[in-house]
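Below is one structure, written out as structure tokens; comments come after it.
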Amino acid sequence: MLVYLKGSDEDEKTNTAYFADRLNTYPHCARCFCIVKCGHSPKAKPLLKQEKVATTAQKNQKEVIHYTAIGDSLTEGIGDLTNSGGFVPIVADDLKEHYNLNGVQTDNFGKNGDRSDQILKRIKEKPEIQKGLASADVITLTVGGNDLMKVISSNIFDLKVSSFNRPQKAYQRRVRRLLEEIREYNEKAPIYVLGIYNPFYLNFSEITEMQEIVDNWNQATEEMVQEQKRAYFIPINDLLYKGRGDEVGVTGGDSETTGSSASKEDLNNLLYEEDRFHPNNLGYQIMAGAVRDEMVKTEKEWITKSEGSE
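Position 120 of the sequence shown, counted from 1, bears residue number 1363 in this note's numbering, the numbering being contiguous throughout.
Written out as structure tokens, the structure reads:
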């Protein structure tokens, strides 16, 4: 076999001429020369297939998450035309993808029209809800909207912020009892409590008291959430009440009237067209994004395996 030694430029020219002459003499060595000179040596195949090594964080991460959602119509998913449960399955899918989980088990205990006291009553009376809460890694709660609507309906012709002070205090006491009841079944799982939003903003923007009332109600809920350990308040009013887009949620078309100019109807493009009250599919996607972001931010509360678990 011929050995090719690379030296100076002059040496290389001499060597090249020499090897050319030798190759003419020994043509069977031409292939050997080409392999060494051109660098096309065959690559060795790995003896063992390299496997992806999980990081320490991934090794300590749960493979399956149990997500329990409880609350009112927002949890049930009223307005979701897919009838799949509003924001809850979207959050579950996002968590599964974000953390590369094997699965996210979900329990949806939402019920349209429930007030805080009615949600509490269901927890006390329904063993399946108690079981779902007890085994949950994460819990979401939607509450407050129906409590507020009950007060509004009693004061619809005389909406004053001061009229809500006493009902708001009573509402806070109910929310405190509700959160304490959830903690009776699960001391460790973080609880994510969603706020409420003002669905009347575009149609009744002149009633400025309405937004102040909603803001105060949200603040009342947040104060109760802050009393609890591992509980987080997620505001959604600013995400939904004006709609989405440069036109501030206006999606209504022009309606023609004889002898008059066309008038434009204001519609929130994040609300369900049938009732203009509950979120639509896009509205629930936005809600889900807010919930997911808060869960990711507080992942240490729920994603890590407990000691001794496999």
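Think of the CB as a built atom: it goes at the ideal place given N, C-alpha and C, for glycine as much as any other residue.
Keep in mind the model is a prediction, meaning the values are calculated, not measured.
Hey, how far is the Cα of residue i from the Cα of residue j?
| i | j | result |
| --- | --- | --- |
| T1541 | D1518 | 35 Å |
| A1377 | E1423 | 13 Å |
| L1421 | F1476 | 15 Å |
| I1399 | I1321 | 24 Å |
| A1335 | Y1310 | 7 Å |
| F1443 | I1456 | 12 Å |
| S1396 | S1406 | 12 Å |
| E1466 | D1401 | 27 Å |
| L1513 | N1459 | 23 Å |
| W1545 | P1410 | 35 Å |
| T1299 | K1548 | Since pLDDT at T1299 reaches only 46, below the 50 mark, its modelled position is unreliable, and the value read off the structure follows with that caveat. In a straight line, the C-alpha of T1299 is about 12 Å away from that of K1548. |
| G1488 | G1353 | 29 Å |
| G1314 | D1390 | 12 Å |
| T1451 | E1371 | 42 Å |
| K1412 | K1393 | 14 Å |
| R1473 | P1433 | 5 Å |
| V1347 | E1449 | 44 Å |
| E1430 | V1386 | 20 Å |
| M1453 | G1328 | 28 Å |
| E1319 | V1331 | 8 Å |
| L1317 | A1379 | 19 Å |
Spatial neighbours of residue i within its chain, please: C-beta separation below 7 Å, excluding the five flanking residues on both sides.
| i | result |
| --- | --- |
| D1360 | R1417 |
| I1428 | Correcting the residue identity first, residue 1428 is Tyr in this sequence and not Ile. Cβ neighbours of Y1428 beyond the five flanking positions: Q1373, L1376 and A1377. |
| A1533 | I1477, I1479 and L1482 |
| D1323 | G1329, N1524 and Y1527 |
Is residue i helix, strand or coil when you go by DSSP?
| i | result |
| --- | --- |
| I1321 | coil |
| A1474 | strand |
| A1312 | strand |
| T1541 | coil |
| G1375 | helix |
| N1408 | helix |
| V1386 | coil |
| Y1527 | helix |
| K1256 | Bear in mind that the predicted position of K1256 carries a pLDDT of just 48, short of 50, making it unreliable; the figure below should be weighed with that in mind. Helix, per DSSP. |
| R1420 | helix |
| R1487 | coil |
What residue range does the beta strand (DSSP E) around residue i cover?
| i | result |
| --- | --- |
| Y1435 | I1434 to L1437 |
| I1362 | Careful: I1362 lies outside any beta strand (DSSP E), inside the alpha helix (DSSP H) at S1359 to E1368. |
Tell me the residue span of the alpha helix (DSSP H) that contains residue i.
| i | result |
| --- | --- |
| G1329 | Unbroken run through G1329: none, as it is neither H nor E. |
| L1482 | N1480 to L1483 |
| I1399 | Run containing I1399: none; DSSP gives neither H nor E here. |
| N1461 | T1451 to Q1469 |
Would you say the beta carbon of residue i comes nearer than 8 Å to a heavy atom of the ligand SAM?
| i | result |
| --- | --- |
| E1368 | In the structure shown, the ligand SAM is absent, as is every other ligand, since no ligand is present at all. |
Is there a Cβ of chain D sitting closer than 9 Å to that of residue i, yes or no?
| i | result |
| --- | --- |
| H1521 | Although the question refers to chain D, the structure presented lacks it and comprises just one protein chain. |
For residue i, list the residues DSSP reports as bridge partners.
| i | result |
| --- | --- |
| Q1348 | H1309 |
| V1381 | Y1310 |
| N1429 | Answer is none; N1429 lacks a bridge partner. |
| T1547 | Q1304 |
| P1522 | L1514 |
| G1353 | G1314 |
Can you list, in chain order, the residues of its chain with a C-beta nearer than 8 Å to that of residue i? Leave out the 5 residues immediately preceding and following it.
| i | result |
| --- | --- |
| E1537 | Y1435, Y1475 and I1477 |
| T1325 | N1524 |
Note down, in chain order, each residue of its chain lying with its Cβ closer than 6 Å to the Cβ of residue i, except the 5 sequence neighbours on either side.
| i | result |
| --- | --- |
| Q1415 | A1463 and M1467 |
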